[in-house]
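In the numbering used here, the protein residues as written are 650 to 787. Note that CB positions come from ideal geometry on N, CA and C, so glycine has one too.
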């Protein structure tokens, strides 16, 4: 991705450093449409945060309007990693292979299997203390 998405992510007023770093990580791997589809393990590896911290941050970022998340179905009826569309790209995404998923407005369940609360308290979620990283230095 160009630095445009990463710059946008850094400019967002998010007080929780875990949530902000997750947004920057998504922006770093997003394509020119602001869309990416990393698995939770990829986000964990990129950020060194626990699975729980990543899930919490993704829920908070979606509730705060920083990105949209949708399921990516496989041909066999199962699902693969979610797709994420960052809020920085406001242009037409019609020619993107995943555009139909985002246009349908599908609400992807979070990694624990339940749908995120669209009315969630984004300011509290974005301002809460970060979860512990995967490896603590002590």
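- Around the beta carbon of residue 701, fewer than 16 other beta carbons sit within 10 angstroms, so the residue counts as exposed.
- Within its own chain, the residues whose Cβ lies closer than 8 Å to the Cβ of residue 693, once the five positions on either side in sequence are excluded, are 699, 700, 703, 783, listed in chain order.
- For residue 720, the uninterrupted beta strand (DSSP E) run begins and ends at 716 to 722, by DSSP.
- Residue 734 has its alpha-carbon roughly 8 Å from the corresponding atom of residue 682.
- Per the C-alpha coordinates, the member of 722, 705, 676 positioned closest to residue 652 is 676.
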